[in-house]
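Residue numbers (this note's numbering), protein chains in the order written: chain H, 1 to 990; chain L, 991 to 1159; chain A, 1160 to 1608; chain Z, 1609 to 2032.
Backbone N, C-alpha and C define an ideal beta-carbon position, used for all residues, glycine too.
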Amino acid sequence: MKKYWKDIESKKSKEQERRMEKTPEENPLLELFKSNTIDLPASRRDFLKLCGFGLAATAFSSCQSKISKAVPYVIAPPEITPGEAVFYASSYINGNDYCSIIVKTRDGRPIKIEGNPDSGITQGRTSARVQASVLDLYDGGRFHGPMKTGISAGWESIDTEIISKLQKIVEDKGTIVLLTPTVFSPSTKSVIAGFLQKFKGSEWIQYDAISYSAMLEANKTSFGRQVIPDYRFDKADLIVSIGADFLGTWLSPVEYTKQFSSGRDPEHNMNRLIQIESNLSLTGSNADNRIQIKPSQEPAILLNIYKEILKSVENRHIDVPASPVDITEITKKLLSMPGKSIVISGSNVKQVQLIVNDINRLLENIGKTIQFDSYLRTHAALDSNMDMLIGKMKKGAVNALLVYNVNPAYTWYNRNAFTEGLKKVGLTVSLSGTPDETNSLVQYICPDHHYLESWNDAEAKKEHFSLMQPVINQIFDTRQMADTMLKWSGSTMSYYDFIKDYWGGNMMKRQSEYTDPVTFFDRTLQKGIFEPAVAPKVSVEKPGKSASLPFDSILKKTGNNSGKNIIEIVFYETVALGEGRQANNPWLQELPDPVTKICWDNYASVSPAFAKDYNLNDGDFLKLGEVEAPVHIQPGQAYGTIGIALGYGRLKCGKVGDKVGTDVWTMLSSESGNIVYTTKLDQIVKTGRTYIFAQTQTHHSMEGRAFVREAGLTEFRNNPAAGNELHAYNLEHNKSLYKERKYPHHHWGMAIDLSKCTGCANCVIACQAENNVPVVGRVEVQRVHEMHWLRIDRYYTGEEDNPEVVFQPVLCQHCQNAPCENVCPVAATSHSSEGLNQMIYNRCFGTRYCNNNCPYKVRRFNWFNFSGAGTLAGNLRDKEGMTGNLRRMVLNPDVTIRAQGVIEKCSFCVQRIQAAKLKAKYENRALHENEIQTACSQSCPANAIVFGDMNDLKSELSRLINSGRRYNLLEELFTMPSVNYLTKIKNKIL
Amino acid sequence: MRSSSYISIYFDDEVPMLQAVKKLLDSKEKITDVLSPFPVHGLDEALSIKRSRIPIGGFIFGALGAILAFGFQAWVFTVSYPLIIGGKPFFSIPTFIPITFEMTVLFAGLSMVAAFLIKSRLKPDISFKPVDERITDDRFVILVDTADKESTLNRVKSLLSGIHTLEIR
Amino acid sequence: MLQSPLRTPLIEGKKTYRSITSDILNPMMNKAGKFWYLGMTIAGFAMLFGVFMIFWTVWQGIGTWGENRTVGWAFEITTFVWWIGIGHAGTFISAILLLFRQKWRNSINRSAEAMTIFAVICAALFPLIHLGRPLLTFFIFPYPNTRGLWVNFNSPLVWDVFAISTYFTISLVFWYVGLIPDIGTLRDKISKGLKKNIYNFLSFGWKGSARDWHRHKITSIMLAAIATPLVLSVHSIVSMDFASSIVPGWHTTIFPPYFVAGAIFSGFAMVQTLLIITRKAMGLEAYITESHVENMNKILIATGSIVALAYMTEMFMAWYSGVEYEHYAFMNRATGPYWWAYMIMIGCNVVSSQLLWIKKLRKSLVFTFFLSIVINIGMWFERFVIIVTSLHRDYLTSSWTMYKPTIVEFGLLIGTLGIFFTAFLLFIRIFPVISIFEVKSIMKTGDQH
Amino acid sequence: MRKYFPVVKIKYLLSLIFFSLLMATVLSDSLQATNTNKIQPKDTTRIQVKDTTKVHGKDSLNLPVKDSISHVSSDSTIYKRTIFSSEDLRRGERLFFGLVYLGDKSVNCADCHNTRVSDTLNWNPDALEISRKYLEKSSLDLRKVLLKPAGPKMKQVHKGFQLGAEDIVLIKAYMNKFAGIGLKQNKPVITNLLLLIVASILFLLSSIDVVIRKIYKDQRINWAILTVTGIFITWILAINAIAFGRAKGYAPAQPIKFSHAVHAGQNKTDCNYCHYTARTSKTAGIPAGSICLNCHFLVRNGTRSGATEIAKVLKALDDKKPVKWVRIYKLPDFVFFSHEQHVSAGKITCDACHGNVKEMNRLYQVPDLSMGWCIDCHKTRKVNLSNEYYKTYYSDLYDSLKAGKIDSVRVTGIGGRDCGKCHY
């Protein structure tokens, strides 16, 4: 079906190098690309425009069209057909994030990331960060080449200098330290091992900014294995999560979302999620029951659950303080389904994780919902190692520090200690590809490739291998970190050969299909993944008796925190930015947080009641210890707690991300070797400054209107149309004077299952990447000028201080009786014979009437010249540099770039529909099932969005449309949308 | 239109002028024209001017405008470029009404004004010379057609002796 | 000439035909006073400010305005409808009052018609510059083209284009047909020079012949006959911009009559504002008498009451329809974040116009002047309330937002006021403000001849 | 009113100028929209050495001519001369243009090597090309190619030249100069703009005259002028408006004198051989240099252009620098057009849009590529519904077509008029 790239050698061919030279201006590819603006200097319409300006006379005869050149290849590369997309399987690795992907390239440049459906981990789905990563490739702020003390230098001279210095250190019996994030590439590990061997006395320390070291330690204690297990949410009927945002940021959210949503099928199997947390996280928003607690209450709650379970299972009794919340129902449910539940905690305190482990053991979950056969390898760093390293550095015991892809000068809680220590290190080298706070302090910069330019392999989970391959020749004078390490280790081998050798040596034996290592490697490369069928069993040691648990220390922590004046701060990662690696990515910065709907900022979330008591208003600046942050009143935030996101306030990441938000890493602390993501404050002070958030949704209640229709599981089982009674009523009462128009050939439609949608915002970025949606910047979002074609509406229901949350992705509904079409004076929007609501940008002259008349408000107006496609000069508004030559490479050539002053909107990815239809015609066949996928439906990790032909009665879409849960948004207006929603079914306790 | 020779009778009020008109017509004098600074009530009847056919022209052109406008819209939506808009049928009469009405009014209005200007031979003309510059202020003038100026002048003078005239020449 | 003995004289003082001519032509024959120059300076600066803001808008984009994702129309369409409304009084006075043989209209119709034309020009500016790509305005015209594509005749905006351009054309023609005899007078009063030539050119060779007068009368009456449904249709069609949409608060069948009444209401208010100054400044007290002002005040009460009734009907229907969106939209108008705009609207339009029931106030020029300005403000806010408060909270609560105008939008309003007053000030110096021949024809009604 | 319009005579003058210009342009057939007047697909291969009838010893300027043959010198120092007076350069120029009689005939280089921009295809390299080429080379090289040409073509063309060393040096000197000047543009003497301005002024004057009525006693002259100029102005405005930015008939000079008539016509190369992506991709593709090499690896000499043009392809491949062709068919970026759709799915032949390319030496744009042109074809073109895809999804149409209920299905019948099929 898809063409995966397979001819390896031609990858390195000279033509390709030529095509992608360092200076993009000289690139014929770019030249073709540059013409992709809407209006050339003299287009036909300009004539009348000029007439409008009274310049008609001068326009004659002097006006000739600009001569455009057509530049062909010198030698046509066999794998590229101009104008056709080529897909390559690869892997996304960024710090601890992993995703198996397929990269769509057009004319030699990657433009879109899709999930690799063959992957057993991410199963063809992606996250917003993965979708946005393609834009990082075209970040002009990346290092353009190696540097020595801030000055560009050649690779050769730098190599020589560093190698000699390293050798000197080895001779002097000094210490060389390599600092990386968790490395889960087997080949890279092998390269590092070679390096360590070559330079005796060197150490390799892994450091993860968001630490799971307490879990690792606890698992070591409980199960004898210092690993993160393989959580199987798809096998769990009851999930109790205490502060773990596993749908948003915790460990492997894409995988977990896919698993979780497979259990949100009310017709068949329906799991239950209970979230106990302080911040309203994405997971909490999707929970069936959510309990608000202060972080300090976490141990007490867990202990109480533990106590009850212990009593019931092992009939033992322990003394614990009373639980601040009622946990009897939870415990009862947990006990009622042994081996079918998961209890997880987001805490980075070892004792807490020990209790969690023991609870899971008692509930017989180990080996069933929590497996160790293919444990997660993306998180393996211990905080204590980093503590040790800094101690050594301060003592001057480290002679050389090689930093790769970690940024302790920003993410380490005690960054001053690190920077001071760094000054005492003789040789400091950074191997990261992008500027950050740490490598602004080092002597040598040996920049790494972007992952789309790199060769690599990965083992994100045990026995789940995948390969990464370059889909574009390097844009800048960079070199892959592993290549650098190989070079320094004295090897003449390229990393690509190294990987091939490694795979020939280590992977070949795990399979029997191919006998020839080259074929094996090529086939794997084509497929992107290698998951040997039989995974070796890993036995888990049974944990010891629970009496060994050190309750005392936990209880000490529990203490008496009910005092009103103690304010607890909870630090978390946002879905978009995480620890802040991709802070220089405008797409991610502009992605509204799924819950708060704020972008371009972090903020101190407080509960409404708390805000009232402390007389806080939305946007008031607060002084929290050393830092200042604006207040955001967040329903669902536990009283007395403040939630604030890490990963903001960067200073050295680039033009886009610098000075966005507040840096709060320094407020973290370390306790018994693990970083604690909470802290306490005695008081908060208003500074008097106020601020207006760039928030895309400011009204949070549905005002009793039936946008999102909900029902409980029991009601649903009794009546499939439960909560959706209005649908039948509307069907009966909607009448038109005109005969209904039929679309007999194709009738494209969509179904969005609100029970499955977690609101993770992956679709928003997928849509942005596919459809060239412009970035407008913070100020314009504040002025309600955001451009996303697909937005996710988030509503709160229930009480203000403990709301339930519903998500509803809203895109153009492609109404059959479209209100927008009637009012456009120039017929720039009309209906196609296939039921699509078409928007013709070049016809639009921007009355905005259609947008006024759109009840869904899904039409977006180009308020300014955001894209550089306008006709008038000197009015570009592109603060984030999205129209620069390099950044523009990410644009999809199949989608018109919209000019200033036109309306745009979701097209149901009509370019994909057209391409797939054409392919079918070319191959003389009917369309395959699910052959046409929109960008949003293809990458949705929850499988919540289904696209298809409503005339195809056998399709998945038709099944969903005929379900009792189906309704249309604002169906009482009789707009007859082609987008259908399915009611949200909740599985609450009680 | 103006005969080569005529006499002008000047008044400073419309009442004596009307009387004079009646008298002149009664005595079979040929009145070429009556010039006045404003439309004098009763003069039309006195001169037995036939009701203008301008409104008929207006009606015809209005009807033409209506037919053109409706026909054009219908042609555009059904033949030239049928587009599916808002789920409506291609030939949906209600949407054609407003423009049909407006074009009716425009055609009718402009045609009537054009007819008025043409019939009255009014056009921008920088070299125009009025009969008397006071007519547009406060003079009322009866122009009597004559072949023999001298005799007509005397005849008219005697005829209008009882009426307050300013000047007869 | 038939006259009612009960009727008060339409023209005061002992006037002759000649004195009427010289009174009315006075400004054209003499140099302007310093107040005129002052007025021109202020209006000119306002116009320049507006022109700059237009330039800025066209160059930088609509983003320079406060409009946003949810509120796609605000200040500019408010001002557009306001100007169109003001433009209704002229044709109402000249057409409808002509058909009803209201002789008192003769003193005020000329200036009211001129006002109509200037107001329509100001109004027509807004649909133009509110476009995202104003340079492509020609797309709206169904001209033959190589695309084979026409316009969407379903769209009220296309209706608008036809309605407003027809209205403008017919008003202009109507006004000019009425002007021709008076330009003739002017021509004959000026002895020589460029001015004479220009007026001669413009007078179309008017002689004052009885047949011409006859055709002139017939044409005027027939134009009035077709302008009457036209003037009603124009604001009806403008109201359909809103009424034919599905936005709660817009989608109401009452809009056409309600808008027409509102338009005449605001139009007369503007006529009052202008004429009370003009009669004083130009010494035309004898022609534009207190009874004119009172008559117009009576129309203000009538239309003001219709408008008030419309407000109530809207509210009632919103409640009676049982549609939650409608219900909310109207509750939101009165009690939502823009309650102050609603209160200004009610206060200025409903409460203040009802004060005119008091005869003393009705006859007071100072009060009328003050009131007319209040009504103008009120009617602007009426459109603001209809447009902005309906849009800012429509169906999906997720899209609800607030609208805040920027200096650019204020600049455009000020700019159009500048254009309007510049044009009006020029008009009173170039053409007779009062229809000379019509006043002469009714002179005897007041002169007790 | 004479004082408002004092220069009466100008009117007659202008009328005269206008009408004569109008006649001139109508006769010269150049009164068309800017880009529509360049279709002259004539083959103007000119291989001739002209005999002149000039009097011996005099050139056309009646200047005495030195007998070059007598000055033949083998002295290589002549060829190394670098300093030339303006007199020398003038003589070089005259030599180049064949204005100097040499021996029994004159050699006119400019006759084959264009010094002006040409609308038609001249197989021979133009003067600028050869000048640039020889900028780096010495006069001796030039001598070699003039007097002892190597290629078969050159042997034929440069046969029997009798040029002295000094002549060659001077020609070379002129060529060096020419390389800096470049080709002359053929500027139309009468531009539409000029005509429009004149017509507009006339129109204005006549309008004023109609109103003021002073100059012409007979107003019919004014009305005649108004009518003619009015029609002219409207016509030229309309034609330019329609053609603006359109390139119907656009036939630019290409960097290589590639003739479709030779390749597709005479040699009967299938269009899809070079434009191989037309069947599978949205673009038909400009063939890569490597594709040219498939044939030109062996074929190094053209029958008409000799080795020069083919050498350019080979050089481009050697230098790894792509040939920068001038793009002719170009749709605006907001139009999505797929060759695959039309060629593979729709089975439209190439000439339906591109015209009879087989007869074009210099390729030119046949349609105007307006939307109306697309739609007109979609309205009339019948669809072959036998594709499985259509059978599945357009079964109703397919069945009624088979049953004879309808006689044909046009492209518009399957959504060929939907805006969103091309614009997204």
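Chain A contact residues for residue i, given Cβ-Cβ distances below 8 Å
i: Z:Gly1980; result: Asn1304, Thr1305, Arg1306 and Gly1307
C-beta neighbour in chain H for residue i, strict 8 Å
i: Z:Tyr1687; result: no
i: L:Ile1087; result: no
Chain A residues whose Cβ lies nearer than 7 Å to that of residue i
i: L:Tyr1071; result: Gly1307, Leu1308 and Trp1309
i: H:Trp863; result: Gly1220, Ile1221 and Gly1222
i: L:Asp1135; result: Correct list: empty, because the minimum Cβ distance to chain A is about 14 Å.
Residue i: contacting residues in chain L (beta-carbon distance under 9 Å)
i: Z:Arg2025; result: Tyr1071, Pro1072 and Leu1073
Within chain Z, the residues that residue i reaches when beta carbons sit closer than 7 Å
i: A:Phe1596; result: In chain order: nothing, as chain Z lies at least about 25 Å away.
Proximal residues to residue i (C-beta, below 6 Å), its chain only, five neighbours per side dropped
i: Z:Ala1787; result: Ser1739, Arg1740 and Leu1743
i: A:Ala1467; result: Val1509
i: H:Pro774; result: Met787, Phe866 and Ser867
Per-residue burial, residue i [other beta carbons within 10 Å of its own, 16 or more giving buried]
i: H:Pro24; result: Confidence in H:Pro24 is poor, its pLDDT being 34 and thus under 50, which makes the residue's placement too unreliable to answer from.
i: L:Trp1065; result: exposed
i: H:Met839; result: buried
Chain-ordered neighbours of residue i on chain A, where CB pairs are closer than 9 Å
i: Z:Ile1850; result: Asn1304 and Thr1305
Any C-beta of chain A under 8 Å from that of residue i
i: L:Gln1063; result: yes
i: H:Gln900; result: yes
i: Z:Ile1847; result: no
Neighbourhood of residue i by C-beta, 8 Å cutoff - its chain only, sequence neighbours within 5 removed
i: A:Ser1558; result: Arg1228 and Thr1229
Interface flag, residue i vs chain L, CB-CB below 8 Å
i: A:His1551; result: no
i: A:Ile1377; result: yes
Residue i: contacting residues in chain H (beta-carbon distance under 8 Å)
i: Z:Asn1995; result: Lys921 and Asn924
Contacts that residue i makes with chain Z (C-beta to C-beta distance below 8 Å)
i: H:Ser907; result: Gly2028 and Tyr2032
Partners in chain H for residue i, counting only beta-carbon separations shorter than 9 Å
i: L:Lys1078; result: Tyr738, Arg741, Asn817, Glu821 and Asn822
7 Å Cβ cut-off: residues of chain L touching residue i
i: H:Ala728; result: The premise fails here: H:Ala728 is roughly 22 Å from chain L at the closest Cβ pair, so nothing lies under 7 Å.
Restricting to runs no shorter than 4 residues, where is the alpha helix (DSSP H) found entirely within the stretch 856-935 of chain H?
Every alpha helix (DSSP H) of 4 residues or more that sits fully in the stretch 856-935 of chain H is shown, in chain order, as 910-922.
My parser needs the beta strand (DSSP E) runs of 3 or more residues fully inside the stretch 574-610 of chain H; what are they?
Runs found: 604-606.
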